[in-house]
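Below is one structure, written out as structure tokens, with a few remarks after it.
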Amino acid sequence: MTSPGDAAPVKPPPSFSPGVPRVSSKTRYPERRDSSASLDPERVEPRIASPPTIPLSNTTDLPIRSGSPSARSVRSTTPQIGRTSLGSPLDGRADSALDTRSLIIRSFSPVVGVYSSPDTDELVRQKGFKGGFWELIRPFGENVPGKLVIRDSIGSSRGWEDYGVRFVDLGEICRAPNDPNQGRSSPLAQVEAVLAKQLDSTDGPPSGAIHPQDLVGLSSTSPLYKLYLRQLLSIASVSPHETFRHPVASVIAISSRNSAPLESLRQLYADTNNGQRKVPEWIHPEYLRYYVLVHDEDRDDITASTKLYDQMKRHFGLHCHLLRLRSNQCVVTDDDSVQVPECEWLSPSERLSERPEPLVDLDSDGLLYLFDSDVMAIKGFVRELIAQSVVPFMENRVAVWNDQVASRRRGISGRFMSMSRKWAGFGSSSRSSSGSGGASGNYNVSQGYYHYDHSEAILRKMADYAFMLRDWKLAASTYELLRSDYANDKAWKYHAGAYEMCAVSTLLNPLGAGSKIKVEAIDQMFDTACYSYLTRCSDAPTTLRCLTLAVELLRSRGGSAAESAAKWAMRAMDLGLVESVGQGLLSERISSCYASRPPPNGVRFGGRRRKAGMWSLFAADMWLRLGKPALASACLEEAERLYADVLGSDGVFPMPEMQTFVDNLRLSVKVGYLEARGLDIKEETGSTDPLDDEETSEKLDRRMNRRSLIGNLNPLDTATLAQLQTTRDGDSVPSDDFERA
Amino acid sequence: MSYYFTILSPTDVPLFNIAFGTSKSGGDGIARFRFPDAAQNTYMTQFIIHSSLDMLEEAQWMGGNMYLKHIDTYPPASAYISAFLTPSGTRFLLLHQPPQPNLPASGAAGAGGSIGSSTMSLSSSGMGGSGLFGGSGMGSSGRTSSSSIAANPTAPQTEEAVRQFMTEVYEGYVKTVMSPFYKRGMEIRSPVFRSKVSAAGRKWL
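Each protein sequence line maps, in turn, to chains A and S. Here the UniProt record's numbering is used: the first sequence runs in plain steps of one and ends on residue 741. Here the UniProt record's numbering is used: the second sequence runs in plain steps of one and ends on residue 205.
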């Protein structure tokens, strides 16, 4: 227990504001930390808003996560074997690996467009959903209740618990091509903003619902990182080079209020074909149409609706559904009110724009409620849509395309065809394609896409369908087939995408897990993908997505793959793709990658404890610079845990500068944490600023004040502060020491 | 190219540290480490060395050689680590950081200091092809060959130059350790040894 009384001699804390270089002086000050008064006053940050009533004895050991019984400093750490060999590294890691895997898999779920008639949207708006029918069903698509059985290409079935689809406004898909040209900030900056917001919201009230400590898990994935991952994976908008965001199906909805239902259904259908909802040329237009009749339980007659529904079935076949909803708005106080689940997959821009809403109308709390019966109806509808229409449709398409397009390419004649295409002299003439663009094939060079009915585009779509149906073997082999085609056509974005997804699907393939897969080959693929994405297409968000996928999937492989995962994470940081919060998160991730490589059984060497510990310390340093001492202290503790094995029993680093750095870090984390807790430790002079969330800038201000106060322009803050402190404490310290600093 | 050389005892206690820069290609022999943050200069080398012990521990049981060659890389600072094992379990670790990973080495060397002699300017101008002609003159005189090692830290001639350096340091180390006033595990303070190490550094690196 490091109580203030028996603490080791404190070294001068480094200045940890971002601009100022960290001065680690070698001087030692025999001053005593007998009270909180010796805490550096510059660091003190009064948080008036937070309750200052926390007793001192409580707060002194707060920087350490509540799980640990005592506050240990690196210096005084005794390696706790019981702790390092806890269950958490083993089953926790396995859990989180499955977790991130599932997250990644779910991020590539099929997209279902939603196109509803004005009267349907009107009905839904009455229920409080401003976005109309799409907004109503959107949260329910993300997780299909119950098990979903999918057949793969060789006919074996497998059930999935976590299947889902994304409901997307069909208009959004059709508008997509202009999307990047809108003057918004880049998606990566948006991700960063979302993270910062999340951090602030959890960091603001120290005793909020979510403790900051929970944000950094021990060896499991921290929720913050999961949020980051989810944001990265949901950046992607509709683009030609991958078809994950192209609609697999579209829900066409009318309501029972419609006066001419069949006519309007026809109209809506015509819109999707050649009207304003027509998809761009590179999206396959033959997606599934699913017709929904929304029946108003409160106002309309069910018999009329049933009759209409029968009529619909006669006209449109099986892909119809009668959805019975109540049109009244549900409020919390209603008996069977159920809160609408939150959308898991919001894109960064949506997440940024949706938050302020609760502030606007406080009375409804910003949360929407539905009647239990409505929820049941929607869930049933979604399940039926996916299990009976979407999935069979996709299975069917994959089988057909596999038969018609892919097998031709796979066979010996296909090999010859692609070979002959390389020597374009006699190859191009024999090709049966319409040859719409460049000389080398079907690629439309000026627009940068393949027309949807060219074999390259169809193969890609088939591979993506197979991927979304979780038939990774077929997907991987198809992507592999495509890679050379795209390279020949110099379709770099397609090329990068094929390499990326080939690597991803190879890694996801559970059959490959047991056998020794060639990590080098996978690395090679990711490398090519990154190069194509970043250098040839300068598409930073997709590059980062690709790298993060590489990190996560390689990490979940364990062993030497985890090490290569760490390398990819470093690459992402090196390329300058991530900003401040991302840097911290990725450092943590690198640390956990290294930590997940345990030493071979029984041997003491072969682990990567030191590397893991080092990155954890760096992460702590980064969090501290970002003004998040709570996160920093969690990282610091993680580092201690990791270093416990490799350091001696006294827990001292053998190298002096390292020890100095760690000591300084510890101290500033502690100080930062205490002031974030609102412990008012500054007793003299300082102007108590009104509460201000901008920690770093505040700190800079404070420095100015302090300097002018002292009237000393010495740039070395540690020295001046130490001087100040020693004069205040009245200790007689040999002054030659810090003048050298 | 900047170098940081450490001798670690079997229990990871540093016995000897020295930082120096290359004396080849017009280098002035002063270490200029580049780390993302200037403030990291003091501790970063030690962190990298310390973290590479993970790899060293693994590598030292894999083969019978004393010279373990390049064992670890720290990509963010493009730092490379070569290691040498003595029979008593003492480790020699050399961290080397090429001048500017993205630029050709000749330009960076010229920026570092143009005090170089006229003979060196010849080799630095032909730096692009160093991988070829550097290897040919290896056996006869190490001086001409190792002048081009800054180009690529994992090239065979770099490994060779580091090996020569390590061997020479090892020789000096054995002599120092045999001194009756030296006890095992003590820090090596001998100025003779230090000058020998820096001489070896000048000669080979």
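Just so it is clear, CB atoms sit at the ideal spot from N, CA and C, and this is done for glycine as well. Just so it is clear, the structure is predicted and the values come from calculations on it, not from any experiment.
In the DSSP annotation of this structure, the continuous segment of the beta strand (DSSP E) that includes LYS69(S) starts and ends at 67-74. In the three-state reduction of the DSSP assignment, ARG91(S) falls in the strand class, which pools E and B. Closer than 8 angstroms to the CB of HIS70(S) there is not a single CB belonging to chain A.
Approximately 6 angstroms separates the beta-carbon atoms of LEU205(S) and ALA161(S); this is inside 8 angstroms, confirming the contact. Residues of chain A with a Cβ closer than 8 angstroms to the Cβ of PRO75(S) are, in chain order, LYS567, MET570, ARG571, ASP574.
Within the same chain, Cβ atoms closer than 8 angstroms to the Cβ of ARG289(A) are found at ALA249, SER250, ILE252, TYR269, THR272, PHE316, HIS319, the five residues on either side in sequence being excluded.
Residue range 14-21 is occupied by the beta strand (DSSP E) that includes GLY21(S).
The continuous beta strand (DSSP E) containing TYR291(A) extends over residues 288-296.
Within the segment 100-176 of chain A, the runs of beta strand (DSSP E) that reach at least 3 residues and sit entirely inside it are, in chain order, 111-116, 148-151, 157-160, 166-169. Residue ALA466(A) holds the alpha-carbon nearest to the alpha-carbon of ASN509(A) among ALA466(A), CYS546(A), CYS343(A). Of the candidates ALA399(A), ARG470(A), VAL445(A), GLN447(A), the residue whose Cα lies closest to the Cα of LEU459(A) is ALA399(A).
Just so you know, the alpha carbons of PRO110(A) and MET44(S) end up roughly 46 angstroms apart. Counting other Cβ atoms within 10 Å of its Cβ, PRO348(A) reaches 16 or more and is therefore classed as buried. The beta carbons of GLY128(A) and LEU170(A) sit no closer together than 8 angstroms.
Between PHE661(A) and chain S, the shortest Cβ-Cβ separation is below 8 angstroms.
Residues of chain S with a Cβ closer than 9 angstroms to the Cβ of GLY448(A) do not exist, since the nearest Cβ in that chain sits about 29 angstroms away. LYS611(A) reaches chain S at SER51, ASP54, counting residues in chain order whose Cβ is nearer than 7 angstroms. For the pair of segments examined, the segment 469-481 of chain A was found to touch the segment 144-155 of chain A: the number of CB pairs separated by less than 8 angstroms reaches three. For the pair ALA562(A) and LEU575(A), the CB atoms are not nearer than the 8 angstroms cut-off. GLU172(A) and ARG641(A) have their C-alpha atoms some 48 angstroms from each other. Taking the CA atoms as reference points, TYR479(A) sits about 51 angstroms from ASN664(A). For THR303(A), the uninterrupted alpha helix (DSSP H) segment begins and ends at 302-316. Ranked by Cα distance from GLY26(S), the options LYS175(S), PHE165(S), ARG184(S), PRO99(S) are led by PRO99(S).
Neighbours of THR154(S) across chain A, judged by C-beta separation under 8 angstroms, do not exist; the nearest C-beta is about 15 angstroms away.
Going by beta carbons, VAL662(A) and LEU624(A) fall outside the 8 angstroms limit. Excluding its 5 nearest sequence neighbours in each direction, TYR594(A) has C-beta neighbours in its own chain below 6 angstroms: ALA566, ARG608, LYS611, ALA612, listed in chain order. Taking GLU159(S) as the centre and dropping the five residues before and after it, the same chain places the C-beta of LYS69, HIS70, SER82 closer than 8 angstroms to its C-beta, in chain order. The beta-carbon distance between LEU136(A) and VAL124(A), rounded to whole angstroms, is 5 angstroms. This is short enough to meet the 8 angstroms contact definition. In the structure shown, the three-state DSSP call for ARG324(A) is strand. Bridge partners of TYR369(A) according to DSSP: CYS330(A), GLN339(A). Pairing PHE20(S) with SER190(S) gives a Cβ-Cβ distance that is not under 8 angstroms.
A distance below 6 angstroms between beta-carbons, with the five flanking residues on each side excluded, links PHE244(A) to the following residues of its chain, in chain order: PHE108, ASP464. Per the coordinates, the alpha-carbon of SER649(A) lies some 39 angstroms from the alpha-carbon of GLY29(S). In the three-state DSSP reduction, ASN444(A) falls in the strand class (E or B). Going by DSSP, TYR673(A) is part of the alpha helix (DSSP H) stretching over 656-676. Against PRO98(S), chain A offers no close residue; the least beta-carbon distance is about 15 angstroms (beta-carbon pairs closer than 8 angstroms).
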